[in-house]
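Numbering of the sequence shown is given in this note's numbering, commencing with residue 184 and proceeding in unit increments.
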Amino acid sequence: AFPLVEGTVAHRVWHALRSAVRVRASLPVMHAAVESVVLDPVNPAVLAWERRSPGQSLVALHNFSEHPQVWPRWAVPLPGRLTDTLTGTAVDGDEPLVLGAYEVRWLV
184 AFPLVEGTVA HRVWHALRSA VRVRASLPVM HAAVESVVLD PVNPAVLAWE
234 RRSPGQSLVA LHNFSEHPQV WPRWAVPLPG RLTDTLTGTA VDGDEPLVLG
284 AYEVRWLV
């Protein structure tokens with residue numbers, strides 16, 4: 184074990200990962216038995232994949248770039264209002280999604 188000093192990069196990464204693990208455990212669509220399908224590469228800097236279970240669907244967007252990237256809303260195959268489960272932020276309308284450098288979004 185190592186000490187986590189508040190305000191350090193290690194502290195921020197640890198808490199972000201711990202939060203993502205908790206969110207993942209709360210989502211039925213993230214169960215290991217649910218298949219993941221990689222979506223068409225609309226933006227080569229963004230990996231997008233989808234999971235569909237009987238009660239829930241999810242699209243994940245991963246920006247692998249050090250620069251902000253845009254993902255068109257039409258390329259997210261989920262209708263209506265979405266929520267980023269990692270932040271609780273609502274995604275409304277047809278505006279493109281802007282992902283910050285290295286940002287990840289799990290949309291339901």
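We treat Cβ as the ideally placed atom computed from N, Cα and C, and that holds for glycine.
- Contact annotation, residue 213 with residue 207: C-beta distance approximately 5 Å; criterion of less than 8 Å satisfied.
- For residue 277, the closest C-alpha among the options 268, 259, 285 is that of 259.
- Between residue 279 and residue 256, the C-beta gap is smaller than 8 Å, which places the two residues in contact.
- About 11 Å separates the beta carbon of residue 241 from that of residue 231, a gap too long to meet the 8 Å contact definition.
- Here the alpha carbons of residue 194 and residue 188 stand approximately 6 Å from one another.
- If you ignore the 5 residues before and after residue 219, its C-beta comes within less than 6 Å of the C-beta of 232, 234, all in its own chain and listed in chain order.
- Linking residue 190 to residue 197 through their CA atoms gives a straight-line distance of about 11 Å.
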